[in-house]
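Chemist: Can you read through this structure? Questions will come right after.
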Amino acid sequence: MDQAAHEFDDDSTLVARFSVVRALAVVGDTWTLLILRAAFKGTRRFSDWQNDLGIPKAVLTNRLDRLVEARVFRKSPVSKGGKRMEYYLDEAGLDLWETLVAMVRWSRRWYWPQSDDGLWFRHRLCGERCDVILSCNVCAQPLTPFNTYAEPGPGEGLEPRIEPHSRRRANSAIRHGQDALGSEEALTLFGDMWAPAIVASAFRGGRRFNDLVAYLRIPPLVLSMRLKELIEIGVLARRTIDDSERYEAFHLTRKGLDLFPYIAMMAKWGDKWRDDPSGVPLVFHHRDCGHEYTPLYRCSACGERIRRADLDILDTGW
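Residue numbers are given in my numbering: position 127 of the sequence shown equals residue 136, and the series is strictly consecutive.
Structural data, given as structure tokens:
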């Protein structure tokens, strides 16, 4: 490695290029998720968000400005020449439906035990209640953590770190967890930048504390706190490994492995909407068919591809 590359690698303000982290820099925030949830339910006006959520005016202004900048929202005057604005989901915002569906599916499975048939959606094309099956766009077969793998893409490398929103300021949003996702734990998990990034790194094989610090460039104290939380909610388990050396490793539980569709769709959104000219950081492969893949949803009832306009979410606050 030459000297310039060494200096670049040592810069503590840089992080590994990772589409999930890029996406989380936009939506990995509790208030942002609640704003998006309301937008998908039809909220358009600043005053309606503020009244319904009890969100501080400055916080709402900040989140809406960032979402407009990220092309998640576009704003338009309520009346011609007027100063009052309405906010509409733009193309990047509408594309978040796949990620939000994955969040609903996971939350319903693990926090709504009274609804255990897994059929939390309706596919309008076939008219049946269904589950959404994460599938390969090439062979149409299911994708799992065990039949997929990632390789470095043309955009691999390092990039400047984006500081996450303050978690302390988002604490007042957590009370909406029961309505939004069935539990405060689920909203806390998804409404955070670091926790999903740790889970995504675990899917790529990150097991050791130091490996996670090095890859994500996450402050060690923050990593310790997030690991503790992920263990407490049952997403990760801690194991002591005796190999050539003795160390602690963090493994995804069954509950954690079930986050795979969420991570896959978050990476897909990041690749599409947070890309740069260098290309995607990771290329994903499906072992079963041997092709690179882009994830999509298929209906568990009829097997056809599900598009945004074809899906109803049943019996949930979303």
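For each residue, glycine too, the CB sits at the ideal point set by N, CA and C.
What distance in whole Å lies between the Cβ atoms of R296 and Y97, which are believed to be in contact at a cut-off of 8 angstroms?
Modeler: With a Cβ gap of about 40 angstroms, Y97 and R296 do not count as contacting.
Chemist: Could you check where the beta strand (DSSP E) with Y306 kicks off and where it finishes?
Modeler: 304-308 is the span of the beta strand (DSSP E), which, as asked, contains Y306.
Chemist: How do the stretch 38-47 and the stretch 207-215 stand: do at least 3 beta-carbon pairs fall below 8 angstroms, yes or no?
Modeler: Counting Cβ pairs under 8 angstroms, fewer than three are found: no touch.
Chemist: Based on DSSP bridge pairs, tell me the residues matched to C145.
Modeler: The partner list for C145 (beta bridge, DSSP) reads P304.
Chemist: Three Cβ pairs or more, each shorter than 8 angstroms: is that satisfied between the stretch 146-158 and the stretch 303-313?
Modeler: Yes: at least three Cβ pairs fall under 8 angstroms.
Chemist: Would you list, in sequence order, the uninterrupted beta strand (DSSP E) runs of no fewer than 3 residues that lie entirely inside the stretch 197-253?
Modeler: Counting whole runs of 3 or more residues, the stretch 197-253 contains the beta strand (DSSP E) stretches 245-251.
Chemist: So, at 7 angstroms on beta carbons, what are the nonlocal neighbours of C308 in its own chain, with the 5 sequence-adjacent residues on each side left out?
Modeler: Result list for C308: H132, C135, C139, I315, in chain order.
Chemist: Specify, as a first and last residue, the run of the alpha helix (DSSP H) that R46 falls within.
Modeler: 39-49 is the span of the alpha helix (DSSP H), which, as asked, contains R46.
Chemist: Please go through the same chain and pick out, in chain order, the residues whose beta-carbon is closer than 7 angstroms to the beta-carbon of R170, but skip the five residues on each side of it.
Modeler: Same-chain partners within the cutoff: T22, L23, V24, R226.
Chemist: What's the gap between the Cα of F218 and the Cα of E257?
Modeler: Rounded to whole angstroms, F218 to E257 spans 8 angstroms at the Cα level.
Chemist: Could you check if T70 is buried or exposed, using at least 16 other CB atoms within 10 Å of its CB as the buried criterion?
Modeler: Label assigned to T70: exposed.
Chemist: In terms of alpha-carbon separation, which member of D321, G288, D251, L239 lies closest to L268?
Modeler: Here the closest residue by C-alpha is L239.
Chemist: Would A101 and A79 qualify as a contact pair, given that the criterion is a beta-carbon distance under 8 angstroms?
Modeler: Yes; because the gap between Cβ atoms is below 8 angstroms, this pair is in contact.
Chemist: Taking buried to mean at least 16 other C-beta atoms within 10 Å of its own C-beta, is S28 buried or exposed?
Modeler: When all chains shown are included, S28 counts as buried.
Chemist: Tell me the DSSP secondary structure of E194 in three-state form.
Modeler: The answer is helix: DSSP assigns E194 an H, G or I state.
Chemist: Whose C-beta lies closer than 7 angstroms to the C-beta of D319 among residues of the same chain, with five residues either side of it excluded?
Modeler: Excluding residues within five positions, the ones whose Cβ falls inside 7 angstroms are H132, R133, L134.
Chemist: Just to check my reading of the structure: H185 and L198 have Cβ atoms closer than 8 angstroms, yes? What is that Cβ distance to the nearest angstrom?
Modeler: Rounded, the Cβ-Cβ distance is 14 angstroms, inconsistent with contact.
Chemist: Smallest Cα separation from I322: which of P65, V113, R54?
Modeler: Selected option, being the one with the closest Cα: V113.
Chemist: Let me confirm a value: I250 is counted as buried when at least 16 other C-beta atoms fall within 10 Å, else exposed. Which label applies?
Modeler: Result: exposed.
Chemist: If you compare alpha carbons, which of R93, D284, E194, R31 is closest to P163?
Modeler: It is D284 whose Cα lies nearest to the Cα of P163.
Chemist: Taking the DSSP output, what are the residues bridged to S85?
Modeler: In DSSP, S85 forms a bridge with E95.
Chemist: Could you pull the start and end residues of the beta strand (DSSP E) that V292 belongs to?
Modeler: Residues 291-295.
Chemist: Assign L152 to one of three DSSP states: helix, strand, or coil.
Modeler: Coil at L152, not helix or strand.
Chemist: D321 by DSSP, collapsed to three states: which one?
Modeler: Note: D321 maps to strand in three-state DSSP.
Chemist: Of the residues P65, F82, A67, L143, which one's Cα is nearest the Cα of R53?
Modeler: Ranking P65, F82, A67, L143 by Cα distance to R53 puts F82 first.
Chemist: DSSP three-state label for T70, please.
Modeler: In this structure, T70 counts as helix in the three-state DSSP scheme.
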